[in-house]
Amino acid sequence: MSVHLILPEGGIQLIDKRDVHAWESGWQTFNVTAAIKLWARFPLTNHGLKIVVHHAHEELSPHSFGLVGTRGNLEKRPYLVGFVTTTRVFPTFTPELVVPPRERRAAQEKRKSTGKCKLNKFYVDFKAVGLHNTIIAPPGYDMFFCQGLCIYPFDSAETTNHAALQSLYNLFDSTAAPEPCCVPGNLESINLLFFDNDGNIVLKDHPKMVATSCVCL
């Protein structure tokens, strides 16, 4: 059994094939990635796929072989599964076209009064939190923290498709889903000189100690 790309000029091109026993039943999986990539780049070349069945060098009708087509049992019809990766944020539409004016104005006023999600400078004094007897140096460091609102449309803060859609939905119904949270998106390490449990002086790199960016999640 083989799957072919139907070419614009009427011919066919092999995409994938596999051996199937006549007594087998169930789903058969074919990799048609090449066809999807071609269609995505050149949509006008999409003339469909053709399934060809051969037995003893003789071409058979897929229907006579037992294949279920698009008019067969709904639960057994063929379907296409695609895995897509993208770095673009989901909402590519403009908020003016999606969010009603009243909700949009309310979101803008809330953002002005509270502030958008951003990185804020914050110095941690180890003595102030009782760690000065354990940590020798430094006496403290700039930890930074993230604070602010994550209201669609996002400005400078990075986000995810999930957070963008959640924020958009929150504008329509604030009781259905909370606003996304402003959290550190990237964390860097610092070196600390400290006493370990045995009283030894140790210099160690501690990961994820300094926030360097913020995201809405």
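Residue numbering for the sequence shown follows this note's numbering, starting at 4 and increasing by one per position. Cβ coordinates follow ideal geometry from the N, Cα and C atoms, glycine included. This one's a predicted model, so the numbers in the text were calculated from it and none came from an experiment.
- Residue pairing by DSSP places Pro187 opposite Cys217 in a beta bridge.
- Looking at the backbone, the Cα of Thr73 and that of Ala167 are separated by about 36 Å.
- Per DSSP, the unbroken alpha helix (DSSP H) holding Ala166 starts and ends at Asn164 to Phe175.
- Taking C-beta separations shorter than 7 Å and ignoring five residues to either side along the sequence, the partners of Leu122 in its chain run Phe147, Cys149, Ala214, Ser216 and Cys217, following chain order.
- Cys120 has no beta-bridge partner at all, per DSSP.
- Per DSSP, Ile39 lies in no beta strand (DSSP E) segment; the continuous alpha helix (DSSP H) that holds it begins and ends at Thr36 to Arg44.
- Residue range Ile15 to Lys20 is occupied by the beta strand (DSSP E) that includes Asp19.
- With respect to Cys153, Glu182 sits close: the two C-beta atoms are nearer than 8 Å.
- It is roughly 6 Å from the alpha-carbon of Val186 to the alpha-carbon of Cys219.
- Here Leu47 carries a helix assignment [DSSP, helix/strand/coil].
- With fewer than 16 other Cβ atoms from the protein chains shown falling within 10 Å of its own Cβ, Phe45 counts as exposed.
- For Leu134, the three-state secondary structure derived from DSSP is coil.
- With contacts defined by Cβ atoms closer than 8 Å, Val6 and Ile54 form a contacting pair.
- Counted as a single uninterrupted DSSP element, the beta strand (DSSP E) harbouring Cys149 occupies residues Phe148 to Gln150.
- The DSSP-derived three-state label of Leu83 is coil.
- Taking a C-beta distance under 8 Å as the contact criterion, Gly75 and Gly118 do not qualify as a contact pair.
- In the displayed model, Leu70 falls within coil according to three-state DSSP, outside both helix and strand.
- For a cut-off of 8 Å, the C-beta gap from Ala140 to Leu174 is around 48 Å, too long to register as a contact.
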